[in-house]
Structure formats: structure tokens, C-alpha cells
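Single-structure report; data block below.
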Amino acid sequence: MATIENFATVSYTAGGVTETKVSNLAEIGLESAISFTKSTLGDSYSEESVITYILSMTNTSNSPISNVNISDDLGNFTFGTLELTPLTYAPPALLLVDGQDVSAQLTVDIGTDNGILFSFPTLPAGATANIVYRASVNEYAPLDLESTITNTATLTSDSDCADGSASATITALPAANVSVFKQMSPNPVVCGDTVTYTIRIYNYGNTAAENVVLTDAFNPVPTNITVSRDGTLLAANEYSYVDGTLTVPTGAGTPISVPAATFVRDVNTGVVTVVPGIVEYVITGTI
Numbered sequence: 554m555a556t557i558e559n560f561a562t563v564s565y566t567a568g569g570v571t572e573t574k575v576s577n578l579a580e581i582g583l584e585s586a587i588s589f590t591k592s593t594l595g596d597s598y599s600e601e602s603v604i605t606y607i608l609s610m611t612n613t614s615n616s617p618i619s620n621v622n623i624s625d626d627l628g629n630f631t632f633g634t635l636e637l638t639p640l641t642y643a644p645p646a647l648l649l650v651d652g653q654d655v656s657a658q659l660t661v662d663i664g665t666d667n668g669i670l671f672s673f674p675t676l677p678a679g680a681t682a683n684i685v686y687r688a689s690v691n692e693y694a695p696l697d698l699e700s701t702i703t704n705t706a707t708l709t710s711d712s713d714c715a716d717g718s719a720s721a722t723i724t725a726l727p728a729a730n731v732s733v734f735k736q737m738s739p740n741p742v743v744c745g746d747t748v749t750y751t752i753r754i755y756n757y758g759n760t761a762a763e764n765v766v767l768t769d770a771f772n773p774v775p776t777n778i779t780v781s782r783d784g785t786l787l788a789a790n791e792y793s794y795v796d797g798t799l800t801v802p803t804g805a806g807t808p809i810s811v812p813a814a815t816f817v818r819d820v821n822t823g824v825v826t827v828v829p830g831i832v833e834y835v836i837t838g839t840i
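Each residue of the sequence shown is one higher than the last, beginning at 554 in my numbering.
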């Protein structure tokens, strides 16, 4: 809340001498003629998220407010000497005034200091406006566990008493993001020879993937198999191999986790590179 401060000065003459007296400093709070908030649908994000934001404003005065402008920084932050923007505006935006779609009145400028500027001509007395828009997480967004993106919007208008600022914070979703890649060699293979199956399990998420179980049904069925994990040969009681189907780990096998990825931000560009956690299985057998 802003404050209005004021004092009075009185000058007078007494006995031929001019005197001056200053009153006490009077203060009153000055509330904005507009209430302004920012919210999101959902409070978390991941590498491929598209976030929906809602800017809400109500004219609490008895007069219309003209030339409403909202500057949104799309989460802009400083990294070293770089100014990075972790969100990218995803048009279109929607303007509702008292529930009525008046999007034709909304102007969107995406070239404003790495952010976005929304403008519309007037907000009637007592009316509520909502701007709904989306932004996608881009290559500058922090992805480590407990990372956040704080997006701040600043409202100005032609009225000296109608301004405000509002922020919304989203947090990186704690999750594993697993993918599996398999290859065989040599190619081609001759019947009676040994074939090698290499299976890599990648985790692109910011938390470990726990209790990972690999199942592979081979066709044709190899015999005399060996199984290794991350270069270490597994004992036969650490996996099962029944009718050509491999399951690992089982029995005495140690529960497996694929470690979380690491996230490296380039000091020159600010771009985040995901280095996945990995577990590699190598299976050999005779075809």
C-alpha cells in the first residue's frame, strides 16, 4: 500500500518578528483502485510442460480505468551476466471481462524485454477482467529437484491510483523419466554363433527410478546366456530365465534403481543440458 504524506506550514508576525511553524507529518494509506492477482492451473512443471496462467484484475473504483497494460516477465532471471527467460509465450491469449469474451480488444506484444505485454483499452468501474494465456517451459528452465520458476506481472494504467504487481511460482515436478534403448550385435549373425543384446535404461528425470525390473522375451530363444549389469557379471540366482524370458533382478538379485539425471547449464548460452542417469545390461547367448 502506498502512503500519502503531508504537512502544513504557517508563517506569522509577532512583535515585528516573522515566525514559521511546521505541522506534524500526516499520513494516510493509499490503496490502488485495482486489485490484481496472478495464478496458475497446477503448481508444478517438467521439461515439456505447458503452463496456463491467469491474470485477474478488478476495478474497485467508481470510474473506468483506461489503457490497462500488464508487463509479464515470463520468469526472467539472471545467470552470471546472462538474462534468461525460462518460459515461451504460446498464443493465443484470452480476455474475459465479467465473463464475456472480449479478446478482440486485447493487444499482445511479445517483444517487451524478453517478456510479454498485454494491453486493453478500458476496465469499467466495478468490472473484473481475466487474461488467460499459456507458456511453455523452454531450454533455459531449471529442472533440478526443488527448482522453481517465479513469473511476475506488473500492471500500469492511465490512472495514478490503478497499478499493481503479482507473481506466481511453480516448482519442478519430482519425477523419474525413463526410456529404454536396445540393440543387438553382430549384424548379421549366423546360426550357432553368439549374439549380444545391449539394453540401456535412461532416466531423464530429477529423481531416481526405484525397483527397476527388466523383462525381455527373446525370439528366437538364445541358450547359454550370460547377464551383466554395468560391466559386472550377475550370478544365475540374481535373475530368472524361463522359456526364453529373462527377468532381472529376481530371487537374490539386488533391487535396482536408475539414478536421477544431472542438469548442466552452459555458462555461455544459459541452455540446460540433461545428462541422463543410466543402467546398462548386456546379455549374450547362442542362437
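Beta carbons: idealized from backbone N, C-alpha and C, even for Gly.
Just measuring C-alpha positions, the residue of Pro739, Ser810, Thr638, Glu833 sitting nearest Asp783 is Glu833. Taking a contact as a CB-CB distance under 8 Å, the pair Val743 and Arg687 does not count as one, their CB atoms being some 56 Å apart.
Under the three-state reduction of DSSP output, Glu601 falls in the coil class, being neither helix nor strand.
Minimum Cα-Cα distance from Val655 among the listed residues Leu676, Val563, Thr701 corresponds to Leu676.
By the C-beta criterion, the stretch 622-641 is judged to be in contact with the stretch 704-713, since at least 3 inter-stretch pairs fall below 8 Å. Ranking Asp746, Leu696, Asp716, Val828 by CA distance to the CA of Leu726 puts Leu696 first. By the neighbour-count criterion, in which 16 or more other beta carbons inside 10 Å mark a residue as buried, Leu578 falls on the exposed side. DSSP places Ala561 outside both helix and strand once states are collapsed to three, so it counts as coil.
DSSP, read as helix, strand or coil, puts Ala770 in strand.
Distance from Tyr792 to Gly806 at the Cβ level is roughly 6 Å; contact confirmed, criterion being Cβ atoms closer than 8 Å.
Within the same chain, Cβ atoms closer than 7 Å to the Cβ of Val575 are found at Phe560, Thr562, the five residues on either side in sequence being excluded. Non-local beta-carbon contacts of Gly804 in its own chain, meaning distances under 8 Å to residues more than five positions away in sequence, involve Asn790, Glu791, Tyr792, Ser793 in chain order. DSSP places Tyr750 in the uninterrupted beta strand (DSSP E) bounded by 747-756. Asn683 has Ser609, Leu649 as its beta-bridge partners, per DSSP. Note on geometry: alpha-carbon atoms of Phe734 and Ala680 lie some 56 Å from one another. In this structure, Asn730 and Ser609 do not form a Cβ contact; the two beta carbons are roughly 33 Å apart against a cut-off of 8 Å. Rounded to whole angstroms, the separation of the alpha carbons of Tyr642 and Tyr693 is 14 Å.
Membership of Glu636 in the beta strand (DSSP E) is indicated by the continuous run 635-637.
Cβ neighbours of Ile663 within its own chain (closer than 6 Å, five residues either side excluded): Tyr642, Ile669. Distance check between Thr631 and each of Gly823, Val827, Val835 places Gly823 closest, using alpha-carbon atoms only.
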